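Engineer: Residue numbers -24 to -1, 1 to 395, in mature numbering (1 follows the signal peptide of the UniProt record, and there is no 0), belong to the letters of the sequence shown in order. Before we start, here is the structure in question, set down as structure tokens.
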Amino acid sequence: MPHLYKSFKVFLIAVLFVTCGSFAQEQEYTTDELYTQARNAAFDEDDYPKAVKLLKAALAKSPDYLGVRVFLGRIYTYSDSLPKARMAFEEVLAKEKGHEDASFAYGNLEFWNNNSEAALKVVNTGLEVHPESENLGILKAKILKDLEHYEEATATLQKLLEQNPKLTQARSMLSGINSSTAKNELGVNYEFVYFDARFDDPWHLAMLDYTRQTKLGSMAARVNFANRFKTDALQFEVDAYPRISDLFYTYVNLGISSDSGIFPQYRAGFSLFANLPASFEADAGFRYLAFNEDTFIYTLGLGKYYKNYWFNFRTYLTPSDSALSQSYALTVRYYFGGADDFVGAKIGTGISPDDSANSVLFDGANITRLRSNNIALYYRKLLGSTHVLTAQTALEDQEYAAGTRGLQFSISVGFIKRF
């Protein structure tokens, strides 16, 4: 009997050993499985310590798995363990110079922590090995913008757009910094307006403006000349685009004229713009025009970059005692180069207070009951690096009295010099 009991104990121990061994084998995860579990721990469970533990276990199995080590550096970055993050990235870059993911993650770490010079060095090394990397190119442009190296940032973005014209983020960034490559800008524009029935004589409008880039945003002074109804007049305006943050900026406009029959005697405007995720931009504001009566117009707009295109929908709402005038416009641009290289079209209804040719048509007595439809075509082209040519033509079917309509045709050309 004792011999039987002893044999049973040996058998039981053997079973337990085999079972535990099998269980242990079932818990032996591959490097990729540990990597996946670490990503789930970091992103789904928001448990960075657990993710670090799993990544270290993965690296114990595969110390040369660079993707795992880069992710470990990212987790250290997210959890503010910056010395450990730097060590992880540098170990990857020591094994593979210019490793794309490591260069991008390391560059972001330094950029986010206000070490733009160090970030630029890391990213440049990465681009030496991966010159067509869009991620590294975009990050480099951000760093250069932060360092106020606007010309280099513009060149970087233009190169990216040459590689991939559908890179929306690059075009959106270029649009924001392009005018900052030079501190000064001088522009001229002439517009000719012809009427088939409403007026016997055409209108002539000319503009001269000077824009200066400042740390707060761009500021412009403008002189407008108009010959309407065989009468000459001048208008003086100032525009400003104060930047509040990376998310918000504003538009402010003030204007004055001595002849309220040709231009509004006073004008003012304000809009708040928000740069939204997914390359959207929204704005809301008002315009004020003072003729014989004061007119307030409210505006809302929504813009979106998509591949080579920019779409913008805008409405102007003009309230009065008896009705609400509603104007709508849809603008589409197709970019064939940088931010100054595009063709565009606009279709709309009603009158825009931002249209220098037609803002004189705002009259509190009849603006809410007259209707119009319009279409316009645009062209803008960068010549060299500091010259811009613009052209526009438009056709408007305008109701200028109840039941009476006429066509209005306009064409304009402009030139901008940056220095």
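We treat Cβ as the ideally placed atom computed from N, Cα and C, and that holds for glycine. Please read these numbers as outputs of a predicted model, since none were measured by experiment.
#1: Does the segment 316 to 335 come close enough to the segment 351 to 367 that 3 or more CB-CB pairs lie under 8 Å?
#2: With Lys142 and Asn288 assumed to form a contact (beta carbons below 8 Å), what rounded beta-carbon distance in angstroms separates them?
#3: From Glu110 to Ser79, what distance separates their C-alpha atoms?
#4: What separation, rounded to the nearest whole angstrom, lies between the Cα atoms of Gly231 and Glu127?
#5: Can you tell me whether His363 is buried or exposed? The criterion is at least 16 other CB atoms within 10 Å of its CB, across all chains shown.
#6: State buried or exposed for Gln302, treating a residue as buried only when at least 16 other CB atoms are found within 10 Å of its CB.
#7: Using three-state DSSP, classify Gly245 as helix, strand or coil.
#8: Please state whether DSSP places Ser194 in a helix, a strand or coil.
#9: Taking only the alpha-carbon atoms, compute the straight-line gap between Glu161 and Ser194 and give it to the nearest angstrom.
#10: Counting pairs of beta carbons, one from the segment 165 to 180 and one from the segment 143 to 153, are three or more of them closer than 8 Å?
#11: DSSP three-state call for Ala182: helix, strand or coil?
#12: Need the endpoints of the beta strand (DSSP E) that Leu48 sits in, please.
#13: Any idea if Phe312 is buried or exposed, counting beta-carbon neighbours within 10 angstroms, 16 or more meaning buried?
#14: Please name the residue in Ala36, Lys29, Lys37 and Glu21 whose C-alpha comes closest to that of Tyr52.
#15: For Gly231, which three-state DSSP category applies?
#16: Taking just the CA atoms, how far does Ser361 sit from Phe262?
#17: According to DSSP, which residues form a beta bridge with Tyr170?
#18: For Ser57, which residues does DSSP report across the bridge?
#19: Would you give the residue range spanned by the beta strand (DSSP E) that Thr275 belongs to?
#20: Flag this pair as yes or no: are the beta carbons of Ala258 and Gly245 separated by less than 8 Å?
#21: What three-state label does DSSP hand Glu375 in the structure shown?
#22: Confirm, please, whether the CB-CB distance from Val99 to Val68 is below 8 Å.
#23: Determine the extent of the beta strand (DSSP E) in which Tyr5 is found, giving its start and end residues.
#24: Since I believe Lys37 is in contact with Thr7 (beta carbons under 8 Å), could you give me their beta-carbon distance rounded to a whole number of angstroms?
#25: Quick check: the Cα distance between Ile327 and Tyr304, rounded to an integer number of angstroms?
Structural biologist: The relevant details are as follows:
#1: Because the criterion of three Cβ pairs below 8 Å is met, the segment 351 to 367 and the segment 316 to 335 touch.
#2: Contact flag wrong, Cβ pair sits at about 19 Å.
#3: Those two C-alpha atoms are separated by around 12 Å.
#4: Straight-line measurement puts the Cα of Glu127 at about 32 Å from the Cα of Gly231.
#5: Its Cβ having fewer than 16 others within 10 Å, His363 is exposed.
#6: If you draw a 10 Å sphere on the C-beta of Gln302, you find fewer than 16 other C-beta atoms in it, and that means exposed.
#7: If DSSP states are grouped into helix, strand and coil, Gly245 belongs with the strands.
#8: Correct three-state label for Ser194: strand.
#9: Going by the C-alpha atoms only, they are around 10 Å apart.
#10: By the Cβ rule, the segment 165 to 180 does not count as touching the segment 143 to 153, because fewer than three pairs are nearer than 8 Å.
#11: Correct three-state label for Ala182: strand.
#12: Segment Leu42 to Tyr54 is the alpha helix (DSSP H) holding Leu48; no beta strand (DSSP E) there.
#13: So Phe312 counts as exposed.
#14: The residue with the shortest Cα to Cα distance from Tyr52 is Lys29.
#15: Assignment of Gly231 by DSSP, reduced to helix, strand and coil, places it in the strand class.
#16: Their Cα atoms are separated by approximately 35 Å.
#17: Answer is Phe385, bridged to Tyr170.
#18: Assignment of beta-bridge partners to Ser57 by DSSP yields no partner.
#19: Residues Asp270 to Tyr282.
#20: The Cβ-Cβ distance between Ala258 and Gly245 does not fall below 8 Å.
#21: In this structure, Glu375 counts as strand in the three-state DSSP scheme.
#22: A distance of 8 Å or more separates the beta carbons of Val68 and Val99.
#23: Tyr5 -> no beta strand (DSSP E), and no H or E assigned at all.
#24: Indeed, because the Cβ distance is near 5 Å, the residues count as touching under 8 Å.
#25: Approximately 9 Å, taken between the alpha carbons.
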